[in-house]
Amino acid sequence: MLGVVVVVAIALLAVAMVLEGAPAVEIFLVAVALAVAALPEGLPVAITVALSVGCHRMAEKNVIVRSLPAVEGLGACTLIASDKTGTLTCNALTVKRVVIPGLGDFQVSGEGYNDNGAVANASGAMSDADWHGLRRLAEAAALCNEAELVRRDGHWHHLGDTVDVAFLALAAKAGLSRAGLLADLPQEAAIAYEPARRYGASFHRTTEGLRVYAKGAFEVILPFCRDVDREALTAQAEALAAEGFRVLAVAAGPASAPVEDLAGTADLEFLGFVGLIDPLRPESKDAVARCRRSGIDVRMVTGDHPSTALAIARDVGIAAADEAAVTGLDLKALADDPAGFARAVAAAPVFARVDPLQKLEIVKALRAQGHFVAVTGDGVNDAPALNAADIGVAMGAGGTDVARDTADLILTDDNFASIVNGVEQGRIAYDNVRKVVYLLVSTGAAEVALFFFAFLGGLPLPLYAVQLLWLNLVTQGLQHTALAFEKAEPGLLDRSPRPPNQPVFDRVMISETIVSGLFMGAVGYLFFAWMLDQGWAEHQARNALLLLLVLFENAHVFNCRSETRSIFRVPLSANWLLVGAVVISQGAHILAMHLPGFNSVLRVEAVDLETWLLVAVIAASVTLMMELFKVVQRMVYPAPGDGGDGIRRNGSFPRK
-7 MLGVVVVVAI
3 ALLAVAMVLE
13 GAPAVEIFLV
23 AVALAVAALP
33 EGLPVAITVA
43 LSVGCHRMAE
53 KNVIVRSLPA
63 VEGLGACTLI
73 ASDKTGTLTC
83 NALTVKRVVI
93 PGLGDFQVSG
103 EGYNDNGAVA
113 NASGAMSDAD
123 WHGLRRLAEA
133 AALCNEAELV
143 RRDGHWHHLG
153 DTVDVAFLAL
163 AAKAGLSRAG
173 LLADLPQEAA
183 IAYEPARRYG
193 ASFHRTTEGL
203 RVYAKGAFEV
213 ILPFCRDVDR
223 EALTAQAEAL
233 AAEGFRVLAV
243 AAGPASAPVE
253 DLAGTADLEF
263 LGFVGLIDPL
273 RPESKDAVAR
283 CRRSGIDVRM
293 VTGDHPSTAL
303 AIARDVGIAA
313 ADEAAVTGLD
323 LKALADDPAG
333 FARAVAAAPV
343 FARVDPLQKL
353 EIVKALRAQG
363 HFVAVTGDGV
373 NDAPALNAAD
383 IGVAMGAGGT
393 DVARDTADLI
403 LTDDNFASIV
413 NGVEQGRIAY
423 DNVRKVVYLL
433 VSTGAAEVAL
443 FFFAFLGGLP
453 LPLYAVQLLW
463 LNLVTQGLQH
473 TALAFEKAEP
483 GLLDRSPRPP
493 NQPVFDRVMI
503 SETIVSGLFM
513 GAVGYLFFAW
523 MLDQGWAEHQ
533 ARNALLLLLV
543 LFENAHVFNC
553 RSETRSIFRV
563 PLSANWLLVG
573 AVVISQGAHI
583 LAMHLPGFNS
593 VLRVEAVDLE
603 TWLLVAVIAA
613 SVTLMMELFK
623 VVQRMVYPAP
633 GDGGDGIRRN
643 GSFPRK
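Going by this note's numbering, the first residue of the sequence shown is number -7, and it counts up by one from there.
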């Protein structure tokens, strides 16, 4: 639209110049120069710089950008669907509780992946029966395992999934090692753990024949077992999960031959279950609270038990005490009820025991409800959901190559707080793009307006083509680039997310561009007309007018630093690059006025002190004008949550 308006305007001006008998070469040069002014050719470069600066700043906040549009896209995020383990929590699982049927509930001390700590029952003393039961469970968990935990050079080293490593640490506290067990009980086959299966198993040759050892989700392992009080064990497991523990069960039994699936098995011995704790990252609560203040909803999507997920979600601030989790089974029951599925997805703060396909459907449903969704994931099976999201966020430390290749952003520290930092940088990048657009378009509009006013007033050509090119390609070139380095404005994360489809040229941008552009164009025209009326020669008037427009650019760039706040509330120290760019810009023009040969090409000359002072005072008027405009704008069109100081504030996000 802007391009059409500019082309029509330039065409009309060209026709007018033809009617006045202007030389064809001059008409062509002026038309080209005005096109350069009105259609800012520096805009693509400036936008790329703004996004690249945001990309660099995100990298400093542990967010690697794989797709440049994702920089400002993350700033429009309205909902984050986050994993639990490793993102909100530390991914440092430790076995803290062991429940063995017939023996009781055991407490496990110690932190980290090592043999530090001890196991004790309620009385504080361990009987031979207690140790026997504990070692049987630890042995099974260590054999059904794909990780490594070894002590070397005085230090413990681990490799593999943190759940498996946590079980090896429990075995070490019981005096067992996987390597030692495998020496006596060689492995013959294994069923690898899969998220959809939610258990793993391992087959080993013993003196008594082939045996199978299995561990996995409590509700999956329990049906494989015989002679168990399912109701009592389930109640114990649910109580443990409600405390925030991740509950996994362990079983073992004879096997006639290795199989690829334990489905149909019902004769294993239930050895017990363990409660693993994965502490919250210290910064997770604050990060979720920051999201709320920013108008960003946060949901948890996990494969963990609903009670465990809810306990963590309530602790971190994602779910309220009276809110419940929606499970994969709940979603499966709604598969034939699209409206019910959509309602469930809209209302639930936590999705637990969901499989990768359901995670994909959740993302699609949230997007269909108008959310701009960022989704975290680390596994191969997360790739479809990452691809379907508006912003896919993969884990860099613990993620798979497939997830990283699919994602738009990668968290090098797997930390939820880094996403929030990325949102902040995304908003800064978008704001800076707006500031650059505002500067370039408004100054270009001023030049076009100046020419039209001069034509309507019957004045000679106000500027030569080479002078227009000097204005737009030289004196302004560094300034709009430096503007892309602006830092966050106060209250940035107190604003509601902008609608993803909101154009840069919204009501505010259009109004401020028209006001500033027309003002600078009108003042420039009046100054030019006054000088001619005072008897100045045309070349002298053009020289002073060009100086005025350069100073207008120098002054107006500071107006562009904030669309709402007063220029006097934005400290110069926040962007010394911009100050330097203005100094260089003005220095270049002063040099051009005094440099022999070059001043002839540009058709400029040095001016006296009186002219300098006059032009400087007039140029300062654009600052006064835009200060008044900002005040009126806040009075007439107050932003939601605007406290009158130009800072938009937002309340908590209302969940549908």
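Beta carbons are placed, not taken as given, at the ideal position from N, Cα and C, and that holds for glycine.
Asked                                                                                                                                                                                     : Found
Buried or exposed: I92, going by 16 or more other Cβ atoms within 10 Å of its Cβ?                                                                                                         : buried
Who are the near neighbours of A132 in its chain, counting only those whose CB is closer than 8 Å to its CB and skipping five residues on each side?                                      : Y205, A206, K207, V242, A243, A244 and L263
Do L302 and V266 have their C-beta atoms within less than 7 Å of each other?                                                                                                              : no
Would V575 and L564 qualify as a contact pair, given that the criterion is a beta-carbon distance under 7 Å?                                                                              : no
Starting from the Cα of V500, find the closest Cα among A457, S434 and R335 and give me that residue.                                                                                     : S434
I need the boundaries of the beta strand (DSSP E) containing M292, first residue and last residue.                                                                                        : D289 to V293
Could you round the C-beta distance between H150 and Y105 to whole angstroms and report it? I think they count as a contact, below 8 Å.                                                   : 5 Å
Can you check DSSP and say which residues form a bridge with K76?                                                                                                                         : According to DSSP, which records beta bridges pairwise, K76 is partnered with nothing at all.
Identify, in the order they occur along the chain, each residue of the same chain with its Cβ nearer than 7 Å to the Cβ of S613, setting aside the five sequence neighbours on each side. : V515
G643 by DSSP, collapsed to three states: which one?                                                                                                                                       : The predicted model places G643 with a pLDDT of 40, which falls under 50 and marks its position as unreliable; any figure quoted below should be read in that light. G643 falls in the coil class under three-state DSSP.
Contact between the segment 376 to 384 and the segment 61 to 77: three or more CB pairs below 8 Å?                                                                                        : yes
With distances taken Cα to Cα, identify the nearest neighbour of L71 among L326, A209 and S286.                                                                                           : S286
By how many angstroms is the C-alpha of I411 removed from the C-alpha of A357?                                                                                                            : 22 Å
State the beta-bridge partners of S649 as determined by DSSP.                                                                                                                             : What the structure shows of the chain is the stretch from -7 to 648, and residue 649 is not part of that stretch, so it cannot be assessed.
Going by other Cβ atoms of all chains shown within 10 Å of its Cβ, with 16 needed for buried, is S194 buried or exposed?                                                                  : buried
As a quick exercise: from L202, R190 and R282, pick the residue whose alpha carbon is nearest that of L214.                                                                               : R190
Where does the unbroken beta strand (DSSP E) through A244 begin, and where does it stop?                                                                                                  : R238 to P246
Pairing CB atoms from the segment 523 to 532 with CB atoms from the segment 578 to 589, are three or more of them under 8 Å?                                                              : no
Pull up the distance between the alpha-carbon of L260 and that of D296, whole angstroms please.                                                                                           : 24 Å
Helix, strand or coil for F477, going by three-state DSSP, please let me know.                                                                                                            : coil
Once the 5 residues before and after L484 are set aside, which same chain residues still bring their CB inside 8 Å of it?                                                                 : E416, R419, I420 and D423
When you compare the segment 222 to 230 with the segment 277 to 292, are there three or more beta-carbon pairs, one atom per stretch, that lie closer than 8 Å?                           : no
Which word fits I310, buried or exposed, when buried means at least 16 other C-beta atoms lie within 10 angstroms of its C-beta?                                                          : buried
In three-state DSSP terms, what is H147?                                                                                                                                                  : strand
For M118, which of helix, strand or coil comes out of DSSP?                                                                                                                               : coil
When the distance is taken between beta carbons, is H581 closer than 7 Å to T467?                                                                                                         : yes
Taking the beta strand (DSSP E) that K319 belongs to, which residues open and close that run?                                                                                             : Here the sequence assigns Thr to residue 319, which means Lys is not the residue at that position. Start and end: A317 to T319.
Is the beta carbon of A279 closer than 7 Å to that of A409?                                                                                                                               : yes
Could you check what DSSP says for K88 in three-state terms: helix, strand or coil?                                                                                                       : strand
For D406, collect the residues of the same chain with a Cβ closer than 8 Å to its Cβ; drop the 5 residues on either side in sequence, then sort them by chain order.                      : G78, T79, N83, D370, M387, G388, A389, G390 and G391
I need the boundaries of the beta strand (DSSP E) containing Q99, first residue and last residue.                                                                                         : G96 to V100
Go ahead and pull the three-state DSSP assignment for F497.                                                                                                                               : coil
For V37, I'd like the list of residues in its chain whose CB is within less than 8 Å of its CB, leaving aside the five on either flank, ordered along the chain.                          : T473
Could you pull the start and end residues of the beta strand (DSSP E) that G391 belongs to?                                                                                               : Where G391 is concerned, there is no enclosing beta strand (DSSP E), given that its DSSP letter is neither H nor E.
Using alpha carbons as the reference points, say which of Q625, G362, L543 and L538 lies closest to E597.                                                                                 : L538
If you follow the alpha helix (DSSP H) that E530 is part of, which residue opens it and which one closes it?                                                                              : E530 to N551
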